[in-house]
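Report on the following structure.
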Amino acid sequence: GLVERILEDVRRQPGSLPLLQYALKGLYERRSGRTLTHAAYDAIGGVEQALAKHAESVYIALNAAQQDIVRRVLLRLVEIGDTGEATRRRVQREDLSFQGVAPQTVQEILDLMTAADSRLLITSREIKASDDTRTAPVTYFEVSHEALIREWERFKTWIADNLEDLRYGGELLKAAADWNQGGRDSAYLLTGNRLLRAELWVQNADANPLQREFISASIAARATRDAEREQQAERELTLQKQAAARLRGFVAVLIVGLIVAVGLAVFALNESQRAEANARAAAENARVAELNEAEARSFGLSASGERALLDGENELAVALAVEAALVTENPPPQTRLTLSNVVYAPGTRRVLPQSTSVNAVLLLPGDDFALVGADGGALVKVDLATGDPVLTFTGHPRDVTAVGVNRAGTLVVSGSVDGKIILWDAVTGAIIRSVAQKGRITAIAFNADDSTFVTASNSGSLFVWDGTTGAFQRSLVGHLESITSALFHPANPAVLLTAGNDDTIRLWDLTNSETPALARFVTEGDVLSLAISPDGQAVVAGFRRLPSASVAVMRLYSLDTLLETLLVTPPSVPGDTRTSQLPPALDGVLFEAGGHSDDVLTLAFSPDGTQLVSGGGRDDSSIIVWDVATRQAVLALNGHTFEVRSVVFNAAGTGLVSGASDATMRVWDLNRAEIIRDFTEHTERGVTAVFSADERTILTGGADTTLRLWDVATGLTLQEFIGHTDRVFSVDLSADGMQALSGGEDGSVIVWDVASGEPRLSIAVDVGEVNKLRFTPGDLQFVVAGSSGGLALWDTVSGQRVRSFGNVANSVAINALALSTDGTLLATGGAEQRVSLWEMETGTLRRQLESAGTNVRALAISPDGTQIAVGGQNGSILVWSVDGELLDTLNGHDRAVVGLAFAPDGEALLSGALDATLRLWDLASGFEVRRYDLGDQGANLQSVTLSAAGDIILSGQTDSSARLWRLLPTVDELLAWTFKNRYITALTCDQRVQFRLDPCVDGIAPERPAFTPPPIPSPQPSLLYLQTGAIAAINSLAGDNIRLRVTPSIVSDENILQNLADGTRVTLLEGPVMAEGLMWWRVRVDVDASEGYVVEQLPDESLQILVPLAVFE
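Residue numbers for the sequence shown follow the numbering used here, beginning at 184 and rising by one.
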């Protein structure tokens, strides 16, 4: 209601009661009968604006002379702080006098501004002792509330117009007050430049009496000093004349001596200058030699870093690359290239030391924290960002050997070497229940719906417990020796897999109370670890290394069809081996590999099932990442120094957390860190992409004939554009993000309304296939080039051609187009093997540049408009001045260059080519300083764009995706990222000698050179901020409808209320609510006021269903 609204506004305001007074008064005056309304509250501008509107009404009722006095009074009552913010101050009445204004007139204005119906100023009185010891009241005036300064636009304008005068006046007033309080001692007066500035200020400023007296006294003191100096000068002149007469007698003698002295001085000066020149030359030679030595050391260290990376020693590679970058102030290009190659490679993000040997690690939901079970009874919740323990679970007296957590992250179960099992509250660490089992607890696992968990031990016992209360349910008998692993089927909460040292893998059906054992598979050796794929189709087993073998093996078994068969036809005898009764395809090993030189102690599938990770025993201690599809090892992670006991993927599948007997946890990055995000929902090969002006969204166009607008922060689709009939080759976004352009193989250009996703104009531009197009500055026109050689400027409002460039009958295709930042110069190139420079204003040809006998595939104009980069079909890059001078040739690509972009400072150039590489070139040296290899599944580059800050690359690719790449172009930015995101190991004393670094002293390595990292810009926040009361639009693909449902569930179609078409507007009433793995909002449909639940997003399709309208504002 209105009362709640007013109270909420009041709570947000300091000193709220005076504001409330004005608001209530204004609200009462605008009441409707006896009713106070929201409309009236809006009209007065709420609590914040009520006082400002009241002040404005008082002001405009005055005549011009009175208004000027009001302005002068108010400015006298504010002061400017160090931050430039204006605040109110108390001023005595005697200081509110103004030149040219009668005191009575000033008093009338003060009375008006303090009157009960005005209250713009408030007064206070203090009893102040006077010189004759009698007391006299002193009246002070001040602005009634800070809100008047913050909210009254006219007052704010006065302050802004007089900001420097007010700031300096405040400083002057303080100096004058010190002078006055110091008995007007001349030591406090202004002198020199300070006095000159005060004299200039007082000529135009509205100074108070004390300020004027202070400046006048300073001027008078200066006049006195000047008079005294003039008298002193006259006395000194008289004395000089007398001295001159005496000196003339000595002149003749001195002349002779002077001639001799000058000769000696000239000789000495020449020798001194020669010595200084020699010293400067020697110093410069020493400096150059030192720089050359440092550069050579940097080269050597970077080369060693590259070798270490190739040898799989990632941590050593990072340490050497960092040393190479810090050993010289200006690292050479090779060092910069090596640093990016090494630190962006997969590797250790963080090493988190623990107090004892780590036995089990689990990630909690959100992946920010891990549960760690270790020797000595340690069970802690660790912050992975800092390594700090945030919660300690106290209760185990001996080694914690197994840990489990339910999917909600609310219940923790731990087991120890003495068989003790404890259920914990995951939030508080309080013990819920404590039970016991025979033997060392080796495994704990929750089922898919958290209704059950099991515990296994080295005694062969296998217990089933209630997943909520921890009550014992049953014991599963079968294993004859230690059970090493236990896990549930990801989709079937009743199916359990276990493995042990009795050379068996067993399947259990917990719904069968009589014969829960489904099958027993005899293996060739002890199974030490198990993992099941997320889709439940396969299980992998890790084995103990046989004494006769050089490596331990892993085997991947088919599971889905086998399980289906077993559940339909269960074994007749508990524990019956059914492999002999099944077809070979069900029974056979899909994959067998040996990668570890010791036991395979831990296994885990990535969340998408495409990768598998394994951890090795004490003589191996490595972690290996496997590609499930190819059955090949793709990455070896070295760093642990003793057996790896536990390893787990994060939810995104991009990283790992591991724990080992070396008393450490490690956080690993698996992906190359230069890749920020992929956008993969186009369905045909070939995507072109551009940034929006604020770089919070990107627009892509694909060979699937559609365009998509994406949220950069989340990778979700915000809008789909359907209208082209063939492949889209080129896209662009207007500066305000409200219009999009697209063109392609169908020969049309479509101007889109971004908010609705609908075409606003479709233009047959008559250039053949549309190869390139761009908005011009202002977005009222666009330029388009095509396969027929046509090049034209079009109006985006009328859809009419503005002009054509050159010979429209030219049939040579234009493949590249670039527009200068100011929109005055257009560059085009194509199959005619030259670059044409056009005046945009007139359409005339300014100049043509040669492309060294190759077709032009890419163009870019430098930010200052003085240089043009030309990418050729043969992989060459030419850099020209706009005046026609060839400045440089950059060689490195061996296939066509399809994208170019200058860095914002114009000192570097980004290129992308059909050799599947992106390269950054230092234009001063012509060297390559960064290289990114696309190198996956035959994908290649189609477009290249650089962010306005020059730190992010956007590429469109031939594999139906777009990608964001992390650039961080300077060495300092790259080092700052490295120190934040990579573990940098300290080189040993032997390594320092090996790599010719400063040696250790008494076994202690010298400190690294000081480095102050620059700030790294934070990622742009997501546009997808949903809150109750917000308006959102339904976003669907290909015109599909989105269901409005009675309840947040997709299991049944019976709860469907209606289908919502793309673009339907809804109001968010309540949410979000998590149900069935999806986020839901209760909404009201604007068109018919019906209410129900809608899914917020479909992560599997990278689709945002509810898009806040604020995205398009």
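The beta-carbon is built from N, C-alpha and C at its ideal position, and this holds for glycine as well.
Residues of its chain near residue i, where Cβ-Cβ distance is below 7 Å and the 5 sequence neighbours each way are ignored
i: S970; result: G951, E952, N954, A996
i: D781; result: R728, A735, G799, G800, R801, D802, D803
i: S1130; result: F874, E878
i: S327; result: P201, R302, L303, L304, I305
i: G1222; result: D1245
i: R581; result: G560, S599, V600, D601
Exposed unless 16 or more other CB atoms sit within 10 angstroms - verdict on residue i
i: R1179; result: exposed
i: P1291; result: buried
i: Q794; result: buried
i: V436; result: With a pLDDT of only 48 at V436, under 50, the local geometry of the prediction cannot be trusted, and the value read off the model is given with reservation. Exposed, by the Cβ-count rule.
i: L493; result: exposed
i: N833; result: buried
i: V1270; result: exposed
i: V726; result: Residue identity check: residue 726 is Phe in the sequence provided, not Val. Buried, because 16 or more other Cβ atoms sit within 10 Å of the Cβ of F726.
i: K564; result: buried
i: Y1208; result: exposed
i: K1163; result: exposed
i: R412; result: exposed
i: L379; result: exposed
i: N589; result: buried
i: Q815; result: exposed
i: L546; result: buried
Short Cβ contact (9 Å threshold) for residue i with residue j
i: L1093; j: F874; result: no
i: F671; j: N630; result: yes
i: V1080; j: S1126; result: no
i: E1279; j: L1252; result: no
i: T889; j: E903; result: yes
i: A876; j: G940; result: no
i: I305; j: F324; result: yes
i: G488; j: T531; result: no
i: R377; j: E239; result: no
i: R1114; j: N524; result: yes
i: D709; j: G643; result: no
i: G836; j: D791; result: yes
i: Q1287; j: T897; result: yes
Residues sharing a beta bridge with residue i, DSSP
i: V705; result: T687
i: H779; result: A735
i: I627; result: T638
i: G1246; result: BP columns for G1246 are empty, so no partner.
Close beta carbons around residue i, own chain, < 6 Å, minus the five adjacent residues each side
i: A669; result: A626, A628, V637, A639, T681
i: L1206; result: R879, D894, V1294
i: G777; result: V734, V736
i: R957; result: D915, V966, L1002
i: S485; result: A507, Q517, T518, T521
i: T908; result: D929
Residue i - containing alpha helix (DSSP H), residue span
i: R1146; result: R1146 -> not in any alpha helix (DSSP H); beta strand (DSSP E) instead, spanning 1145-1149.
i: R380; result: 375-387
i: Y1208; result: Run containing Y1208: none; DSSP gives neither H nor E here.
i: M296; result: 286-297
Cβ shell of residue i (< 8 Å), same chain only, five flanking positions each side left out
i: L818; result: P529, I807, V808, L853
i: R254; result: W341
i: D759; result: Reliability of the predicted coordinates at D759 is poor, the pLDDT of 43 falling under 50, and no value is obtained from them.
i: V1234; result: E1259
i: L356; result: N391, L393, Q394
Residue i, enclosing beta strand (DSSP E) - first and last residue
i: Q1050; result: 1050-1055
i: E1022; result: 1017-1022
i: F726; result: 721-726
i: S859; result: It is Ile, not Ser, that sits at residue 859 in the sequence shown. Here the beta strand (DSSP E) through I859 covers 858-862.
i: A1216; result: 1214-1217
i: G1139; result: 1135-1140
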